[in-house]
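**Q** Chains as they are written, first to last, in the UniProt record's numbering: chain A, 1 to 381; chain B, 1 to 284.
Input: one structure, supplied below.
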Amino acid sequence: MKTLLYICNPAAATNANISSSSSTSAVVGLASTSFAFYNNAVTELNFKAQGDNNDENPNVQCVDAFLTEDKLLVAVVKFKTVAVFTLTPGSTSPTATYTFTVPKKVSCVKFITEKDYPMMILVGDKAGDVTSYSTSPPQKSKHIVGHTASMITCLSLSSGPSPPPFILSGDRDEKIRVTNFPNTYVLENILLGHTGYITSLSSNETRCVSSSGDSTVRFWDYKKPTEEALLKTLEVEGVPSVTAISPSNVIAFAIDGGKEVNIVSPNSSPVLKINVSASILGLTFSGNDELFVLTSSPSSHLSVFSTTGSDLTSSTPLAVSLNLAAASVKGVPSVLIEGENANGGSEKSDAALVKRDKHHTIEKRLNDKGGKKKQKTEEVS
Amino acid sequence: MSDPSPLAKKQKVESTSEIPEIQGLEDYTFRDGEDITPAGAMPQKKYYRSRAHANPLSFNDNLTYPTKPADFDWQPYYPELPASKIAPTVIDIGCGFGGLTVELSSLLPDATVLGLEIRAKVCEYVRLRVISLRESEKGKYKNAACMRSNTMKNLVNYLNPKSLDKIFICFPDPHFKAKNHRRRIVSYDLLTEYAYCLKPNALLYLITDVKALHEWHLEKTDSHEMFERLDEETMESDPCVKAMINVTEEGKKVERSGSNKYYMVYRRLPEESVTPPSPENFLK
């Protein structure tokens, strides 16, 4: 089972400076439920969804969040159901919930909003389509881009003050497509260079960073044609699965199940490694180059570290710590938060992404939910 | 130290009519120790028959493809063309036994024509056909070649954006069952890719004998914002349209059986001339 995360912070959304770390928000998907950390409070976000084989409570597949001045929108996906929760400061439960189903199993989601356009959510599915859906009733949708015969593994948006954004989608067949928004019929660019499935994408206004199953992390200028787009390739040990890029082009990445954050600044080549002594689940940069790292430690803690990007020689563990055991959520055994499970789960999802040669369908491999996962948990404990 | 034999000293003659071998043929070229098709001879169709359907979505083929177009060298396919002209400008997707590919090579002497076919035996037939034509008619067919590839998956790995003048899709597999519609070579997403590879105002040619498939082609391409139908007059005056109708093996088969052919040509619009959807109408 994969532990998933999205950290969002106000600087990324509204381009303002972070004044205090208490304005950090995070969303974590764990097993079959998810937690939002907003305004110093942890809220559990759970919903019923129809899973595979009549499984009443499938695991959370992916999460995304979007922070505005007055609320936090959270999207949690289980199997084919997407739930959009609205959290406002001061209330312990979501003020609004909107659930809808999509035709294919979802692999990633991303909120997207542009001036004049309604708030929408991009859903990348395992059949290779990226569709945008409305985040409140009535349900409307629009097909954005389709990677023929290849599942979408990650989505990213080019952020920044100069519109319009580009939608970047990575797939299993080593390609990253850059689609124009709102002219989604224009395939702006295809970033070619990886030789393995794309595991994560992160982008800012002009550059993006991608990690892949070929054990490289690549840094691109995604508006340039393919031959000139690839700016840097970093070889790593293992499969990198989390990446982040800051507005000033500082890259951070972590290996699947790894305990070190690797930070690369744009002009110098040495890679700074910061050991956080726990499995890294997510990375994100704020508008002023502060790096937030979400880790899971064996003692049922999910903590968020902060590092200032400009001063790459030191890192200060920050004040925020999501102690989920203290949130007294029922039905979440603490063993699920341990680093080992995160590793085991990620291996499984990695294996599913590896191309199969003969007579294997993608669906079969990725269908291992429910029974098998439970066995794995018991073995570990 | 013995003298190297005169034969060994002889310079290796670079063949100007060779095309690189296609992938995945697995020694089909021999039978009883002899070449099925002697070098330079025109191949016989009876040795290269293949099942009409091939699943382009399968992972069984293990075709290798370059990471990006710059990594791929087209010179071996067009040994007599100068380096500036070796990138394909006209492609025939699903070229079958190559009738249109070889005809286009004489019809469009300045273009570089590439036939793409996913079936190994049929692609081998076209390869041997072009080699034989290059040898028997010296100086001609320098600009035609064929390659085995899965266009649905790998088109952008081989071709640079805005590099094509024409794309021909002739008598593609109709994939009648609804569950197989996603294998059709014309779909909204693939049209986006074709628009990516085509130059602005370049042309997309579609022909089929299956009326339902033709209606599908029209529906998908009309709904795609980057394509616009060519008017009747321009279509009728284009020699490539006549070639597309008459010269393909499948087309000749259709004529013998007396069925109709349905075709349409589309122009790929420049990005600036397409109006984006308005915010209110973005989602439906």
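Don't be surprised by glycine CBs; every beta carbon is placed ideally from N, CA and C.
State the Cα-Cα distance for the pair Phe-85(A) and Thr-43(A), rounded to the nearest angstrom.
**A** Your numbering for residue 85(A) matches position 85 in the first sequence. Your numbering for residue 43(A) matches position 43 in the first sequence. Straight-line Cα distance between these residues: approximately 11 Å.
**Q** For Glu-227(A), would you say it is in contact with chain B, using Cβ-to-Cβ distances shorter than 8 Å as the test?
**A** Within the first sequence, residue 227(A) is the residue found at index 227, counting from 1. True, the Cβ-Cβ gap to chain B drops below 8 Å.
**Q** Which value, in whole angstroms, describes the spacing of the CA atoms of Glu-272(B) and Pro-200(B)?
**A** Taking the first residue of the second sequence as 1, we reach residue 272(B) at position 272. Taking the first residue of the second sequence as 1, we reach residue 200(B) at position 200. The straight-line gap from Cα to Cα measures roughly 10 Å.
**Q** Over what stretch of residues does the beta strand (DSSP E) that includes Ile-185(B) continue unbroken?
**A** If you number the second sequence from 1, residue 185(B) lands on position 185. Ile-185(B) -> no beta strand (DSSP E), and no H or E assigned at all.
**Q** Short of 8 Å Cβ to Cβ, which residues in the stretch 194-225 of chain B face chain A?
**A** Taking 8 Å as the Cβ-Cβ cut-off against chain A, the residues of the stretch 194-225 of chain B that qualify are Ala-195, Tyr-196, His-224 and Glu-225.
**Q** Less than 8 Å between the beta carbons of Thr-199(A) and Val-239(A), yes or no?
**A** Residue mapping note: residue 199(A) aligns to position 199 of the first sequence, counting from 1. Residue mapping note: residue 239(A) aligns to position 239 of the first sequence, counting from 1. Yes, they are a contact pair.
**Q** When you compare the CB positions of Met-120(A) and Thr-135(A), do they come within less than 8 Å of one another, or not?
**A** Looking up residue 120(A) in the first sequence gives position 120. Looking up residue 135(A) in the first sequence gives position 135. Closer than 8 Å, so yes.
**Q** Identify the residues that DSSP records as bridge partners of Ile-198(A): which are they?
**A** As a first step, residue 198(A) must be located in the first sequence, where it is residue number 198. Per DSSP, Ser-212(A).
**Q** Taking Cβ-Cβ distances below 9 Å as the criterion, which residues of the stretch 103-117 of chain B are in contact with chain A?
**A** Answer in chain order: no residues at all.
**Q** Report the residue ranges of all alpha helix (DSSP H) runs contained in full by the stretch 134-181 of chain B; include only those spanning at least 4 residues, in chain order.
**A** Runs found: 151-158.
**Q** Compare the C-beta of Met-152(B) with all C-beta atoms of chain A and state if any pair is closer than 8 Å.
**A** If you number the second sequence from 1, residue 152(B) lands on position 152. Answer yes: the Cβ-Cβ gap between Met-152(B) and chain A drops below 8 Å somewhere.
**Q** Are Ile-185(B) and Met-152(B) closer than 8 Å when you measure CB to CB?
**A** Looking up residue 185(B) in the second sequence gives position 185. Looking up residue 152(B) in the second sequence gives position 152. Yes, the Cβ-Cβ distance between Ile-185(B) and Met-152(B) is below 8 Å.
**Q** Using the DSSP secondary-structure output, state which residues sit across from Leu-155(A) in a beta bridge.
**A** In the first sequence, residue 155(A) corresponds to position 155, counting from 1. Per DSSP, Ser-169(A).
**Q** If you reduce the DSSP assignment to three classes, tell me which class Cys-240(B) lands in.
**A** Counting from one through the second sequence, the residue named residue 240(B) turns up at place 240. Three-state result, Cys-240(B): helix.
**Q** Which residues bound the beta strand (DSSP E) around Asp-222(B)?
**A** Looking up residue 222(B) in the second sequence gives position 222. Note, Asp-222(B): premise wrong, no beta strand (DSSP E); alpha helix (DSSP H) at 211-223.
**Q** Taking only runs of the alpha helix (DSSP H) that begin and end inside the stretch 32-104 of chain B, which ones reach a length of at least 4 residues, in chain order?
**A** Listed in chain order, there is nothing to give.
**Q** Taking only beta-carbon positions, decide if Ala-96(A) is within less than 8 Å of chain B.
**A** By one-based count along the first sequence, residue 96(A) stands at place 96. No, no contact with chain B.
**Q** Determine which residues of the stretch 49-74 of chain B have a Cβ less than 8 Å from any Cβ of chain A, and write them out in chain order.
**A** Cβ contacts with chain A: Pro-56, Leu-57, Phe-59, Asn-60, Asn-62, Thr-67, Lys-68, Pro-69 and Ala-70.
**Q** Can you check which of these residues, Arg-183(B), Glu-219(B), Ile-245(B) and Glu-225(B), is closest to Tyr-205(B) by C-alpha distance?
**A** Within the second sequence, the letter at position 205 stands for residue 205(B). If we check each option's Cα against that of Tyr-205(B), Ile-245(B) comes out closest.
**Q** Along the chain, where does the alpha helix (DSSP H) that runs through Ser-257(B) open and close?
**A** Residue mapping note: residue 257(B) aligns to position 257 of the second sequence, counting from 1. Looking at the DSSP string, the run of the alpha helix (DSSP H) that includes Ser-257(B) is 249-257.
**Q** Any heavy atom of the ligand SAM closer than 7 Å to the CB of Met-120(A)?
**A** This structure lacks the ligand SAM, and indeed carries no ligand of any kind.
**Q** Give me the Cβ distance between Cys-170(B) and Ile-118(B), rounded to the nearest whole Å; I'm assuming they're in contact under 8 Å.
**A** In the second sequence, counting from the first residue as 1, residue 170(B) sits at position 170. In the second sequence, counting from the first residue as 1, residue 118(B) sits at position 118. Contact doesn't hold; Cβ gap of about 14 Å is too wide.
**Q** Is DSSP giving Tyr-28(B) helix, strand or coil here?
**A** As a first step, residue 28(B) must be located in the second sequence, where it is residue number 28. In the structure shown, Tyr-28(B) sits in coil (DSSP, three-state: anything other than H, G, I, E or B).
**Q** Under three-state DSSP, which class holds Ile-132(B)?
**A** Translated into positions along the second sequence, residue 132(B) becomes position 132. Checking the sequence shown, residue 132(B) turns out to be Ser, not Ile. In this structure, Ser-132(B) counts as helix in the three-state DSSP scheme.
**Q** Given this structure, state the Cα-to-Cα distance separating Cys-123(B) from Leu-116(B), to the nearest angstrom.
**A** Residue 123(B) sits at position 123 when you count from the first residue of the second sequence. Residue 116(B) sits at position 116 when you count from the first residue of the second sequence. Near 8 Å, if we compare the C-alpha coordinates of Leu-116(B) and Cys-123(B).
**Q** On the criterion of 16 or more Cβ atoms from any shown chain inside 10 Å, does Glu-280(B) qualify as buried, or is it exposed?
**A** To locate residue 280(B), count along the second sequence from 1; it is residue 280. Answer is exposed; the Cβ neighbour count stays below 16.
**Q** I'd like the list of long-range same chain contacts for Thr-113(A), defined as Cβ closer than 6 Å, with 5 residues on each side in sequence excluded.
**A** For this step, residue 113(A) is matched to residue 113 along the first sequence. These residues qualify, in order along the chain: Met-119.
**Q** For the alpha helix (DSSP H) that contains Ala-229(A), what are its first and last residues?
**A** Working through the first sequence from its first residue, we reach residue 229(A) at position 229. Residues 226-229.
**Q** Go ahead and label Tyr-133(A) buried or exposed: buried means 16 or more other beta carbons lie within 10 angstroms of its beta carbon, across all protein chains shown.
**A** Your numbering for residue 133(A) matches position 133 in the first sequence. By the 10 Å Cβ count, Tyr-133(A) comes out buried.
**Q** Of the choices Tyr-222(A), Ala-65(A), Ser-277(A) and Ser-215(A), whose alpha-carbon is the least far from that of Asn-180(A)?
**A** The residue labelled residue 180(A) in the question sits at position 180 within the first sequence. Of the listed residues, the one whose Cα sits closest to Asn-180(A) is Tyr-222(A).
**Q** Tell me, please, whether the CB atom of Pro-270(B) is closer than 8 Å to any CB atom in chain A?
**A** Numbered from its first residue, the second sequence carries residue 270(B) at position 270. Not an interface residue.
**Q** Report yes or no: is there a C-beta of chain B within less than 8 Å of the C-beta of Gly-170(A)?
**A** Walking along the first sequence from the start, residue 170(A) turns up at place 170. Not one chain B Cβ lies under 8 Å of Gly-170(A).
**Q** For the stretch 185-208 of chain A, list every residue whose C-beta sits within 8 Å of some C-beta in chain B, in sequence order.
**A** From the stretch 185-208 of chain A, only Tyr-185, Val-186, Leu-187, Asn-189, Ile-190, Leu-192, Gly-193, His-194 and Thr-195 have a Cβ closer than 8 Å to chain B.
**Q** Quick one: which residues of the stretch 126-142 of chain A get their C-beta closer than 7 Å to a C-beta of chain B? List them in chain order.
**A** So the list reads Ser-132, Ser-134, Lys-140, Ser-141 and Lys-142, given in the order they occur along the chain.
**Q** For Leu-272(A) and Val-250(A), I'd like the C-alpha separation in whole angstroms.
**A** What you label residue 272(A) is simply residue 272 of the first sequence in a count that begins at 1. What you label residue 250(A) is simply residue 250 of the first sequence in a count that begins at 1. Those two C-alpha atoms are separated by around 11 Å.
**Q** Report the rounded CA-to-CA distance for Thr-16(B) versus Leu-100(B), giving the unit in angstroms.
**A** Your numbering for residue 16(B) matches position 16 in the second sequence. Your numbering for residue 100(B) matches position 100 in the second sequence. Taking the straight line from one Cα to the other gives about 22 Å.
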